[in-house]
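Scroll down for the structure; my scribbles are underneath it.
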Amino acid sequence: MSSPHDLGKKAENLATNYLQKSGYTLLERNYRYLKAEVDLIVQKGKTLVAVEVKARTAPYLVAPHEAVSYKKIQLLVSAVDHFDQTRDLEVEVRFDLITYIF
Numbered sequence: 555m556s557s558p559h560d561l562g563k564k565a566e567n568l569a570t571n572y573l574q575k576s577g578y579t580l581l582e583r584n585y586r587y588l589k590a591e592v593d594l595i596v597q598k599g600k601t602l603v604a605v606e607v608k609a610r611t612a613p614y615l616v617a618p619h620e621a622v623s624y625k626k627i628q629l630l631v632s633a634v635d636h637f638d639q640t641r642d643l644e645v646e647v648r649f650d651l652i653t654y655i656f
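My numbering puts the first residue of the sequence shown at 555, with every later residue one more than the last.
Next comes the structure, spelled out in structure tokens:
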């Protein structure tokens with residue numbers, strides 16, 4: 555059985571491949587700012603997308619999308635704001651969630 559870390563990396567790799575095939579450019583992976591970590595930061599045109607990747611094995615107790623708490627959302631916003639400001643980007647910002655159940 556895979557460890558949760560291995561499962562998370564597998565999901566991040568799948569999400570990265572999917573996004574790149576969909577025309578997104580990967581800017582950062584596992585971007586950290588203070589207590590926050592953004593799994594993937596990608597860009598397509600003038601849209602910067604912060605992507606949270608969640609993975610679970612079946613059967614699971616909590617659905618992947620339910621594992622993103624209000625506190626996690628606040629941390630993601632803070633980290634992406636920092637990323638955007640330190641690079642002086644002229645972009646729209648969007649937050650996406652990609653989930654996998656293995």
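Virtual Cβ for every residue (Gly too), placed ideally from N, Cα, C. Here the structure is a predicted model, which is why all the values come from computation and not from measurement.
| query | result |
| --- | --- |
| Rounded to the nearest angstrom, what separates Q574 and L630 at their Cα positions? | 21 Å |
| Below 8 Å CB to CB, which residues in the same chain sit around T570 once its five sequence neighbours on both sides are set aside? | L580, R583 and L594 |
| Go through its chain and collect everything with a Cβ distance to V596's Cβ below 7 Å, but skip five positions before and after it. | L573, Y578, T579, L580, L581, V603 and V605 |
| With a threshold of 7 Å on Cβ separation, who are the neighbours of L568 within its own chain once the five nearest residues in sequence on each side are excluded? | Y654 |
| Please list the terminal residues of the continuous alpha helix (DSSP H) segment that includes A621. | That residue, A621, is in no alpha helix (DSSP H); it is neither H nor E in DSSP. |
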